[in-house]
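Engineer:
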Amino acid sequence: MGHLGVLLFLLGGLGTLADICEIPEVDSKLVETLGQRLLPWIDWLSLEHLNPSIYVGLRLSSLQAGAREAFYLHILKLKYQQSFRSPRLAVNDDNRDDQAKPSMGQLALYLLALRANCEFVGGHKGDRLVSQLKRFLEDEKRAIGPNHKGHPRTSYYQYGLGILALCVHQKRLHDTVVGKLLYAVEHEQHLHRDHLSVDTVAMAGLAFTCLDHSNFNPNQRHRITLAIRTVREKILKAQTPEGYFGNVYSTPLALQLLMNSFMPGQKLGTACLKARTALLANMKDEAFRNALLISQLLPVLNGKSYVDLISPDCEAPRVLLQPAMENPSQTQEVISVMLKVPSVLPPYRHSISVPAGSSLEDVFNKAQELGGFTYGTQNTLSGPYLTSVMGKEVGEREFWQLLRAPDTPLLEGIAEYTPKNGETIELRLVSW
């Protein structure tokens with residue numbers, strides 16, 4: 473081969489590499505620091521705050537929490553098996569609380585957690601969980617309607633998560649259930665009215681990838697293949713100049729889908745490296761505090777995704793996490809945060825003083841202690857969700873939007889966002 477031939481061969485190889493999404497290894501200390509932020513959540517064994525995604529994230533990562541991790545799974549099993557007991561066993565249970573039952577998304581994550589431990593659901597208890605998740609999906613399918621004019625009661629994100637969870641347990645779903653998610657991807661406006669929701673389409677893509685790898689729903693095979701390609705293209709088009717797919721919080725799930733993908737002519741490798749660089753900068757700045765988001769990022773840093781739960785490697789070596797050393801206590805600075813709620817009468821506007829480093833939820837709690845401010849939350853997959861402010865409950869297709877003055881929407885939730893001194897935070901009730 474002549475010099476020109478060798479050059480063309482090398483350039484062709486570089487072009488191929490540019491079409492593949494690979495995430496180079498990240499500094500182990502940085503990964504360990506990220507994993508240490510999950511330890512307090514593992515030690516916090518309140519049934520109300522148990523989060524199966526934490527267990528899944530650790531099992532797919534290069535890290536482990538040893539006996540804590542095993543005990544956490546044990547508590548998860550107790551909670552979910554009790555929550556969906558046979559009605560015959562629960563009929564005389566005075567403590568039974570239907571409102572406390574896990575949501576579709578939480579149940580789906582629990583099934584992923586079992587699979588992360590190389591367990592398949594089975595027996596009467598397991599069959600009840602599978603049947604319950606299938607009922608959830610059937611209810612959502614009916615809410616969407618035969619003509620796709622309706623919307624899921626929860627979200628298409630949870631719908632895709634439910635399909636993925638059943639798929640990794642080798643449980644088949646009817647074509648009509650899968651078809652609703654396919655239609656939503658094929659008609660983008662059904663996923664989000666105003667803009668593309670990257671984490672929603674990424675979850676849909678992971679569900680479709682699992683179905684494709686498992687050879688499920690053969691009658692939908694062509695649509696599934698096209699939907700996977702469509703989702704990847706949508707995510708690439710959503711990359712920001714900083715490198716995020718959508719935003720910093722949707723990027724980990726997007727990378728789970730894109731990893732090891734091959735898309736000729738799309739410069740996929742370059743896009744993934746740019747996203748990795750952006751994520752690393754945020755890891756160093758300690759931007760990742762949300763347990764769900766950390767649990768989605770840790771697998772990416774280990775070259776894994778939720779699709780790997782089809783055949784998990786439970787014997788892979790993992791580094792034992794040690795609790796982070798606490799810094800010596802110092803005199804803490806006090807900051808002032810202005811809270812505004814113009815959507816109620818009379819409008820609320822007060823300056824709240826809290827220690828530096830407090831979360832927005834801490835600010836809310838302080839304001840509530842001082843009087844004149846009230847709020848309510850509901851636990852969700854990604855943390856506390858605002859359901860009411862000043863007695864005003866959210867209605868159907870409404871939510872309380874958090875903004876930093878003058879008009880910047882917050883990407884983090886109330887438990888993660890850390891206001892700075894002098895900031896004004898506005899709570900605005902909006903419809904979508």
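Positions in the sequence shown are counted from 1; adding 472 to them yields the numbering used here. Here a beta-carbon is modelled for each residue, glycine too, at the ideal position from N, C-alpha and C. These numbers were taken from a predicted model, which means no experiment stands behind them.
For Ser825, count the other beta carbons within 10 Å of its own beta carbon; 16 or more makes it buried, fewer makes it exposed. Which is it?
Structural biologist: To locate residue 825, count along the sequence shown from 1; it is residue 353. So Ser825 counts as exposed.
Engineer: Can you confirm whether the segment 672 to 679 touches the segment 716 to 735 when touching is taken to mean that 3 or more C-beta pairs between the two stretches lie within less than 8 Å?
Structural biologist: yes
Engineer: By DSSP's criteria, Gln536 is part of a beta bridge. Which residues make up the other side?
Structural biologist: Position 64 of the sequence shown, counting from 1, holds the residue named residue 536. In the DSSP output, where bridge partners are listed per residue, Gln536 has Leu792.
Engineer: I need the straight-line Cα distance from Thr749 to Met755, nearest angstrom please.
Structural biologist: In the sequence shown, counting from the first residue as 1, residue 749 sits at position 277. In the sequence shown, counting from the first residue as 1, residue 755 sits at position 283. One C-alpha to the other measures close to 10 Å.
Engineer: In terms of residue numbering, what span does the alpha helix (DSSP H) encompassing Arg724 cover?
Structural biologist: The residue you call residue 724 lines up with position 252 of the sequence shown. The displayed chain sequence assigns Pro, not Arg, to residue 724. First-last of the alpha helix (DSSP H) with Pro724: 723 to 730.
Engineer: According to DSSP, simplified to helix, strand and coil, what is Tyr527?
Structural biologist: Here residue 527 refers to the residue found at position 55 when the sequence shown is read from its first residue. Helix, per DSSP.
Engineer: Could you check whether the segment 730 to 745 touches the segment 488 to 504, counting it as contact only if at least three pairs of C-beta atoms, one from each stretch, sit closer than 8 Å?
Structural biologist: yes
Engineer: Less than 6 Å between C-beta atoms, sequence neighbours within five positions excluded: which residues of the same chain meet that for Asp647?
Structural biologist: Stepping through the sequence shown from its first residue, residue 647 is reached at position 175. Answer for Asp647: Asn689, Asn691, Gln692, listed in chain order.
Engineer: Quick one: using the 10 Å Cβ neighbour count with 16 as the cut-off for buried, is Thr702 buried or exposed?
Structural biologist: Mapped onto the sequence shown, residue 702 falls at position 230. Thr702 should be labelled buried.
Engineer: If you run the structure through DSSP and keep just helix, strand and coil, what is Thr681?
Structural biologist: If you number the sequence shown from 1, residue 681 lands on position 209. Helix.
Engineer: Which residue from Ala537, Val670, Leu586, Asp515 puts its Cα closest to that of Gln553?
Structural biologist: Position 81 of the sequence shown, counted from the first residue, corresponds to residue 553. Ranking the options by Cα distance to Gln553, first place goes to Leu586.
Engineer: Do Ala637 and Ala580 have their CB atoms nearer than 7 Å?
Structural biologist: By one-based count along the sequence shown, residue 637 stands at place 165. By one-based count along the sequence shown, residue 580 stands at place 108. Contact flag set, yes.
Engineer: Under three-state DSSP, which class holds Trp516?
Structural biologist: One-based indexing of the sequence shown puts residue 516 at position 44. Under the three-state reduction of DSSP, Trp516 is assigned to coil, being neither helix nor strand.
Engineer: Who pairs with Asn762 in a beta bridge, going by DSSP?
Structural biologist: Sequence index remark: in the sequence shown, residue 762 carries index 290 (1-based). DSSP, once it has assigned bridges, lists no residue as partnering Asn762.
Engineer: For Ala788, is the classification buried or exposed, using 16 other Cβ atoms within 10 angstroms of its Cβ as the cut-off for buried?
Structural biologist: Numbered from 1 along the sequence shown, position 316 holds the residue referred to as residue 788. Burial call: exposed.
Engineer: Taking 7 Å as the limit between beta carbons, can you name the residues of its chain near Gln804, skipping five residues before and five after?
Structural biologist: In the sequence shown, residue 804 corresponds to position 332, counting from 1. Same-chain partners within the cutoff: Pro827, Ala828.
Engineer: Among Lys613, Gly863, Glu714, Asn851, which residue has its Cα nearest to the Cα of Leu764?
Structural biologist: The residue you call residue 764 lines up with position 292 of the sequence shown. Closest by alpha carbon: Asn851.
Engineer: Following the continuous alpha helix (DSSP H) through Asn754, name the residue where it begins and the one where it ends.
Structural biologist: Indexing the sequence shown from 1 puts residue 754 at position 282. 740 to 756 is the extent of the alpha helix (DSSP H) around Asn754.
Engineer: Find out if the Cβ-Cβ distance for the pair Lys643, Val673 is shorter than 7 Å.
Structural biologist: Locating residue 643 in the sequence shown gives position 171, counting from the first residue. Locating residue 673 in the sequence shown gives position 201, counting from the first residue. Contact flag unset, no.
Engineer: Gln450 lies in the alpha helix (DSSP H); which residues open and close that run?
Structural biologist: Here the chain has residues from 473 to 904 only, and residue 450 is not among them.
Engineer: Is DSSP giving Arg509 helix, strand or coil here?
Structural biologist: Numbered from 1 along the sequence shown, position 37 holds the residue referred to as residue 509. Coil.
Engineer: Which residues in the same chain have their Cβ closer than 6 Å to the Cβ of Met576, if we skip the five residues on either side of it in sequence?
Structural biologist: Taking the sequence shown and counting its residues from 1, the one referred to as residue 576 is at position 104. Correct list, in chain order: Phe608, Thr626, Gln630, Gly634.
Engineer: Mapping DSSP to helix, strand and coil, what is Asp565?
Structural biologist: If you number the sequence shown from 1, residue 565 lands on position 93. Legend: pLDDT at Asp565 = 48, less than 50; position of this residue unreliable, no value from coordinates given.
Engineer: If we count Cβ pairs, one from each stretch, closer than 8 Å, do we get three or more for the segment 527 to 546 versus the segment 862 to 871?
Structural biologist: No, because fewer than three Cβ pairs between the segment 527 to 546 and the segment 862 to 871 fall closer than 8 Å, the two stretches do not touch.
Engineer: From Pro814 to Tyr820, what does the alpha carbon distance come to, in whole angstroms?
Structural biologist: Stepping through the sequence shown from its first residue, residue 814 is reached at position 342. Stepping through the sequence shown from its first residue, residue 820 is reached at position 348. Using only the alpha carbons, I get a separation of about 6 Å.
Engineer: Work out the CA separation of Lys838 and Arg531 for me, nearest whole Å.
Structural biologist: On the sequence shown, position 59 is the one that residue 531 refers to. On the sequence shown, position 366 is the one that residue 838 refers to. Computed Cα separation, rounded: 37 Å.
Engineer: Going straight from the alpha carbon of Asp879 to that of Phe760, what length do you get?
Structural biologist: As a first step, residue 879 must be located in the sequence shown, where it is residue number 407. As a first step, residue 760 must be located in the sequence shown, where it is residue number 288. Whole-angstrom Cα-Cα distance: 23 Å.
Engineer: Look at Glu612 and Pro624 and say whether their C-beta atoms are less than 7 Å apart.
Structural biologist: Residue numbering aside, residue 612 sits at position 140 when the sequence shown is read from its first letter. Residue numbering aside, residue 624 sits at position 152 when the sequence shown is read from its first letter. Contact flag set, yes.
Engineer: Name, in chain order, the residues that DSSP records as bridge partners for Met880.
Structural biologist: Residue 880 sits at position 408 when you count from the first residue of the sequence shown. Before going on, a small fix: residue 880 reads as Thr here, not Met. DSSP, once it has assigned bridges, lists Arg876 as partnering Thr880.
Engineer: So what does Leu811 bridge to, in DSSP terms?
Structural biologist: Taking the sequence shown and counting its residues from 1, the one referred to as residue 811 is at position 339. In the DSSP output, where bridge partners are listed per residue, Leu811 has His822, Ile897.
Engineer: Between which two residues does the alpha helix (DSSP H) harbouring Gly651 extend?
Structural biologist: For this step, residue 651 is matched to residue 179 along the sequence shown. Note, Gly651: alpha helix (DSSP H), 647 to 658.
Engineer: Compute the distance between the beta-carbons of His620 and Tyr655, then report whether it is under 7 Å.
Structural biologist: Position 148 of the sequence shown, counting from 1, holds the residue named residue 620. Position 183 of the sequence shown, counting from 1, holds the residue named residue 655. For His620 and Tyr655, yes; Cβs fall inside 7 Å.
Engineer: Name the DSSP beta bridge partners of Lys864, please?
Structural biologist: Counted from its first residue, the sequence shown places residue 864 at position 392. DSSP output for Lys864 lists Val861 as bridge partner(s).
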